[in-house]
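S.K.: In the working numbering, the protein residues as written are 57 to 472. Glycine is no exception: its CB is placed at the ideal position from the N, C-alpha and C atoms. Below you'll find the structure I mean.
Now the structure itself:
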């Protein structure tokens with residue numbers, strides 16, 4: 057059964073949420089469990105309540121709203137996140153939440169009853185921009201991350217997850233295991249250039265590549281930049297730079313789809329004419345094959361140790377996040393592809409280069425994702441943009457698959 061999506065209503069909600077934490081020149085900043093996140097949560101849960109949905113929040117702040125089904129069955133859950141990075145756009149995560157809400161409201165408008173309940177959810181700290189690791193709320197919900205360990209995590213501002221939850225009143229009463237879907241669907245912008253470059257309308261996501269985040273801390277000795285001969289230095293900054301260059305070389309040598317990113321680097325004492333005595337940097341490695349990802353990690357770690365030894369420095373490392381590659385449910389992936397065909401939408405199968413909440417659900421229930429194009433492949437950027445017709449296509453397909461999976465109750469007297 058097909059329903060009509062109200063694109064104007066969807067866009068209005070995306071724009072309204074985007075005004076919370078709005079940045080000059082566009083985009084928004086709603087770091088997880090910040091005051092802006094609290095305002096975003098209040099707005100979205102207000103929309104849930106307007107539709108008289110049954111709203112729940114668990115002890116790590118994950119929130120979901122359920123429209124009851126014809127039978128007492130596990131819900132079909134649609135969701136994503138509403139937190140952003142510091143220079144976020146309007147669509148990353150938000151489309152999955154508000155697209156799911158639009159599906160439910162359109163089902164209500166059409167007076168359709170489903171066998172399984174329909175639910176829409178948003179998960180705490182998906183981005184990992186304030187607290188590491190990312191996908192924290194969904195990871196705890198699905199047993200991949202330990203609740204107490206995550207509550208004790210300290211963010212970039214020195215505040216713990218537990219204190220931040222309580223600070224904005226986001227800690228709920230539901231146990232973290234309370235959300236147990238019959239299936240999980242996530243609509244998301246691609247965050248890359250492939251769909252737009254090919255002129256393809258839909259990405260049928262087959263899985264998520266593995267992710268490894270490592271922080272290196274290097275200790276050397278500060279010295280005068282002009283009077284200390286190069287051979288007598290213990291330059292922590294030089295070691296950090298060498299690790300950054302090696303990360304790039306790993307990506308080049310291993311080839312696509314291997315990627316490597318140094319996202320943060322800082323020196324101490326951070327003075328122009330002083331050799332750094334301390335350096336801290338992060339390396340993000342990703343690959344679709346876990347064996348290859350492990351090989352990349354081994355090469356990076358061995359090189360880092362060798363660089364530090366050669367420079368007379370000491371080095372320590374700690375894992376900030378480590379997720380193995382995930383394959384999505386083949387049947388559900390196939391349903392998405394078939395749904396795109398029925399709707400006349402061009403599509404291609406593709407892996408996700410970014411991590412998503414869907415990967416946390418995949419071990420426990422059928423899970424899959426739908427991608428729509430991102431203009432110029434830009435995301436995590438104030439210029440992030442997806443055209444309204446692409447947003448609508450994604451929500452139409454989400455509705456098509458959600459209703460097929462949840463099951464539509466036939467009116468009395470009507471046969472299948």
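Across which residues does DSSP place residue 373 in a beta bridge pair?
M.R.: Walking along the chain shown from the start, residue 373 turns up at place 317. Bridge partners of residue 373: 272.
S.K.: At 4 residues or longer, what runs of the alpha helix (DSSP H) sit wholly inside the segment 419-467?
M.R.: 444-462
S.K.: List, from N- to C-terminal side, the beta strand (DSSP E) runs of 3 residues or more that fit wholly inside the segment 168-255.
M.R.: 174-178 and 239-245
S.K.: When the Cβ atoms of the segment 258-273 are set against those of the segment 402-413, are three or more pairs found closer than 8 Å?
M.R.: yes
S.K.: Is the beta carbon of residue 154 sitting closer than 7 Å to the one on residue 426?
M.R.: Here residue 154 is taken as the residue at index 98 of the chain shown, counted from 1. Here residue 426 is taken as the residue at index 370 of the chain shown, counted from 1. Against a cut-off of 7 Å, the Cβ pair of residue 426 and residue 154 comes out as no contact.
S.K.: Using the DSSP secondary-structure output, state which residues sit across from residue 350 in a beta bridge.
M.R.: Mapped onto the chain shown, residue 350 falls at position 294. Bridge partners of residue 350: none, in fact.
S.K.: Report yes if the CB atom of residue 77 is closer than 7 Å to the CB atom of residue 92, and no otherwise.
M.R.: Here residue 77 is taken as the residue at index 21 of the chain shown, counted from 1. Here residue 92 is taken as the residue at index 36 of the chain shown, counted from 1. A contact, by the Cβ cut-off of 7 Å.
S.K.: Go ahead and label residue 343 buried or exposed: buried means 16 or more other beta carbons lie within 10 angstroms of its beta carbon, across all protein chains shown.
M.R.: The sequence position of residue 343 within the chain shown is 287, counting from 1. It counts as buried.
S.K.: Within the same chain, show all residues whose beta-carbon is closer than 7 Å to that of residue 463, passing over the 5 residues directly before and after it, in chain order.
M.R.: Here residue 463 refers to the residue found at position 407 of the chain shown. For residue 463, same chain residues with a beta-carbon under 7 Å away, outside a window of 5 residues either side, are 170, 171 and 172 in chain order.
S.K.: Measuring only the C-alpha atoms, how far is residue 361 from residue 290?
M.R.: Mapped onto the chain shown, residue 361 falls at position 305. Mapped onto the chain shown, residue 290 falls at position 234. Roughly 14 Å separates the two Cα atoms.
S.K.: Taking residue 412 as the reference, which of 352, 266 and 121 has the closest Cα?
M.R.: Counting from one through the chain shown, the residue named residue 412 turns up at place 356. Selected option, being the one with the closest Cα: 266.
S.K.: Helix, strand or coil for residue 379? Go by DSSP, reduced to three states.
M.R.: Here residue 379 refers to the residue found at position 323 of the chain shown. DSSP places residue 379 in strand when its eight states are reduced to three.
S.K.: So, under 8 Å CB-CB, residue 333 and residue 276 are touching, yes? Tell me the CB distance rounded to an integer number of Å.
M.R.: Here residue 333 is taken as the residue at index 277 of the chain shown, counted from 1. Here residue 276 is taken as the residue at index 220 of the chain shown, counted from 1. Contact flag correct, Cβ pair sits at about 5 Å.
S.K.: So what does DSSP say about residue 314, is it helix, strand or coil?
M.R.: For the purposes of this step, residue 314 is identified with residue 258 of the chain shown, where counting begins at 1. DSSP places residue 314 in coil when its eight states are reduced to three.
S.K.: For residue 348 and residue 109, what's the separation of their Cα atoms in angstroms?
M.R.: Walking along the chain shown from the start, residue 348 turns up at place 292. Walking along the chain shown from the start, residue 109 turns up at place 53. Distance between the alpha carbons of residue 348 and residue 109: 45 Å.
S.K.: For residue 263, write down the residues that DSSP places opposite it in a beta bridge.
M.R.: For this step, residue 263 is matched to residue 207 along the chain shown. DSSP, once it has assigned bridges, lists 383 and 407 as partnering residue 263.
S.K.: Across the segment 428-446 and the segment 283-300, are there enough close Cβ pairs to call them in contact, namely three or more that are closer than 8 Å?
M.R.: no
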